[in-house]
Amino acid sequence: MNAAVTVAPMSESEDAQRLAAEARDRVRFEEDALALADQVYRVARHLANSREDAEELVQETYVRAFRSWASFQPGTNLRAWLLRILTNLNIDRGRRQQRTPQMQPLEANDYHLYDKLTEAGDGVADADRVVERLSQDHIVSALAEVPHDFRDVVVLVDIGDFSYADTAHILDIPVGTVMSRLHRGRRVLKGALAHAALEEAK
Amino acid sequence: MSNLIDPCAHCEEMMQPYLDHILTEAERAEAESHLDECEPCRRRYRFEESLRVYVRQATAEQMTVELRLKLSALRIPLD
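Read top to bottom, the protein sequences are chains H and Y. Numbering-wise (the working numbering), the first sequence opens with residue 11 and increments by one. Numbering-wise (the working numbering), the second sequence opens with residue 33 and increments by one.
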């Protein structure tokens, strides 16, 4: 007797369909996430203190992202979701490394950098050309000097192009704090740029 | 603030929120009215705009091919 003749229960094929759909969703999620890797890396590169740290950070971010993919709400901002993972990992790492508290950084006034770059007295400077006195290296190393709380915001807004609201959500801080740290962070950055550019000129 | 004594100092304080488009209508009008008459402040605002563009360009670093491959390899294999 063929005792195995049974009607396949509806639930089995439903399960199979559900698993197949889930697998498709996960594959699509991973593809979407990987498509954003350049943008994630770019933010990581300037939040971290070195290229090596940035690479590690991005890998850890994707490991965590792929593991917790089901917690991502489709249709919401995937880039912000990834950056939230990244910034949390970065903060955790900072605590583990127990960074020594930094001295209050110098916040230059907003016109200071322009004033310093044009002090050389080479006549009336074309405002559009003055920025060329700064090199890419100046920018990258000056950013690395900005204290982390300020740097997180400056990098997310000015490099990552996130809105204040998205930045607030990523860092889990109020929008007012985003604005304050952004403005102050840019002043610290410009102070560091003024210092670097002048040091070189000597 | 010292805006009555030094309108340029006040204009300087408004520069970031102005360029971020977060000033009120009245504040923006105030800044623009000063900028219309003040070439030094105009230059500094122009410089700030070009600096922001430059920062974005100078920080556009690509990841290595090795890292890209490592990330792809993190994908969870289908059963």
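Every residue gets a Cβ at the ideal spot worked out from N, C-alpha and C, and that includes glycine.
For H/S151 and H/E129, what's the separation of their Cα atoms in angstroms?
Within the first sequence, numbered from 1, the residue matching residue 151 of chain H stands at position 141. Within the first sequence, numbered from 1, the residue matching residue 129 of chain H stands at position 119. Here the C-alpha atom of H/S151 lies approximately 22 Å from the C-alpha atom of H/E129.
Does chain H have any CB closer than 8 Å to the CB of Y/A63?
Along the second sequence, one-based indexing puts residue 63 of chain Y at 31. Output row for Y/A63: interface = no.
For H/N59, I'd like the list of residues in its chain whose CB is within less than 7 Å of its CB, leaving aside the five on either flank, ordered along the chain.
Stepping through the first sequence from its first residue, residue 59 of chain H is reached at position 49. So the qualifying residues of the chain are A154.
May I have a chain-ordered list of the beta strand (DSSP E) segments no shorter than 3 residues that lie completely inside the region 130–172 of chain H?
If we require 3 residues or more, the region 130–172 of chain H turns out to have no beta strand (DSSP E) run fully inside it.
Beta-carbon of Y/L110 versus every beta-carbon of chain H: anything under 8 Å?
Walking along the second sequence from the start, residue 110 of chain Y turns up at place 78. By this cut-off, Y/L110 is an interface position.
How is the alpha helix (DSSP H) around Y/P72 delimited, first residue to last?
The residue you call residue 72 of chain Y lines up with position 40 of the second sequence. Counting along the chain, Y/P72 sits inside the alpha helix (DSSP H) bounded by residues 71–90.
Can you list the residues of chain Y that H/V140 reaches, using a CB-CB cut of under 7 Å?
One-based indexing of the first sequence puts residue 140 of chain H at position 130. Per Cβ cutoff of 7 Å: F79.
Beta-carbon separation (whole angstroms), H/A90 vs H/I180, contact threshold 8 Å:
Here the question's residue 90 of chain H lines up with position 80 in the first sequence. Here the question's residue 180 of chain H lines up with position 170 in the first sequence. 6 Å between Cβ atoms; contact.
Proximity below 8 Å, CB of H/V198 to CB of H/P115
Here residue 198 of chain H corresponds to residue number 188 of the first sequence, with the count starting at 1. Here residue 115 of chain H corresponds to residue number 105 of the first sequence, with the count starting at 1. Contact flag set, yes.
For H/E62, count the other beta carbons within 10 Å of its own beta carbon; 16 or more makes it buried, fewer makes it exposed. Which is it?
Residue 62 of chain H sits at position 52 when you count from the first residue of the first sequence. By the Cβ-count criterion, H/E62 is exposed, with fewer than 16 other Cβ atoms from all chains shown falling within 10 Å of its own Cβ.
Taking 8 Å as the CB-CB cut-off, is H/V185 touching chain Y?
In the first sequence, the residue the question calls residue 185 of chain H occupies position 175. For H/V185, no Cβ of chain Y is located within less than 8 Å of the residue's own Cβ.
Contact criterion: CB-CB distance below 8 Å. Does H/P157 meet it with respect to chain Y?
Looking up residue 157 of chain H in the first sequence gives position 147. Chain Y contact via Cβ: absent.
C-beta atoms of H/T71 and H/V53 nearer than 8 Å:
Taking the first sequence and counting its residues from 1, the one referred to as residue 71 of chain H is at position 61. Taking the first sequence and counting its residues from 1, the one referred to as residue 53 of chain H is at position 43. Using a Cβ distance threshold of 8 Å, H/T71 and H/V53 do not count as a contacting pair.
When burial is assigned at 16 or more other CB atoms within 10 Å of the CB, is H/E210 buried or exposed?
For this step, residue 210 of chain H is matched to residue 200 along the first sequence. Under this definition H/E210 is an exposed residue.
Got a sec: is the Cβ-Cβ distance from H/D25 to anything in chain Y below 8 Å?
The count along the first sequence starts at 1 and reaches residue 25 of chain H at position 15. The Cβ of H/D25 sits no closer than 8 Å to any Cβ of chain Y.
Please go through the same chain and pick out, in chain order, the residues whose beta-carbon is closer than 8 Å to the beta-carbon of H/L208, but skip the five residues on each side of it.
Start at 1 with the first residue of the first sequence, and residue 208 of chain H comes out as number 198. Non-local C-beta neighbours of H/L208 in its own chain, meaning closer than 8 Å and more than five positions away in sequence, comprise K126, ordered along the chain.
Can you give me the start and stop residues for the alpha helix (DSSP H) that H/G195 sits inside?
By 1-based counting over the first sequence, the position of residue 195 of chain H is 185. Residues 185–211.
H/A33 versus Y/S82 - alpha carbon distance
Within the first sequence, residue 33 of chain H is the residue found at index 23, counting from 1. Within the second sequence, residue 82 of chain Y is the residue found at index 50, counting from 1. H/A33 and Y/S82 have their C-alpha atoms roughly 46 Å apart.
Going by the beta-carbon positions, is the gap between Y/S104 and H/L88 smaller than 8 Å?
In the second sequence, the residue the question calls residue 104 of chain Y occupies position 72. In the first sequence, the residue the question calls residue 88 of chain H occupies position 78. In this structure, H/L88 does not lie closer than 8 Å to Y/S104 by Cβ.
Would you verify that the beta carbon of H/V163 is, or is not, closer than 8 Å to some beta carbon of chain Y?
Here residue 163 of chain H is taken as the residue at index 153 of the first sequence, counted from 1. False, the Cβ-Cβ gap to chain Y never drops below 8 Å.
Measure the C-alpha to C-alpha separation of Y/E44 and Y/K102 and round it to an integer number of angstroms.
Numbered from 1 along the second sequence, position 12 holds the residue referred to as residue 44 of chain Y. Numbered from 1 along the second sequence, position 70 holds the residue referred to as residue 102 of chain Y. Answer to the nearest angstrom: the Cα atoms are 47 Å apart.
Please confirm whether Y/V87 has its beta-carbon closer than 8 Å to some beta-carbon of chain H.
Translated into positions along the second sequence, residue 87 of chain Y becomes position 55. At least one beta carbon of chain H lies nearer than 8 Å to the beta carbon of Y/V87.
If we define contact as Cβ-Cβ less than 8 Å, is H/V73 a contact residue for chain Y?
Indexing the first sequence from 1 puts residue 73 of chain H at position 63. For H/V73, the nearest CB of chain Y lies under 8 Å from its own CB, placing it at the interface with that chain.
Of the listed residues H/T86, H/A80, H/E65, nearest to Y/I108 (C-alpha basis)
Start at 1 with the first residue of the second sequence, and residue 108 of chain Y comes out as number 76. When C-alpha distances from Y/I108 are compared across H/T86, H/A80, H/E65, the shortest belongs to H/A80.
May I ask you to list, following chain order, the residues of the region 87–106 of chain Y that have a beta carbon less than 9 Å from some beta carbon of chain H?
Taking a C-beta cut-off of 9 Å against chain H, the contacting residues of the region 87–106 of chain Y are V87, R88, Q89, A90, T91, A92, E93, Q94, M95, T96, E98, L99, R100, K102, L103, S104, L106, listed in chain order.
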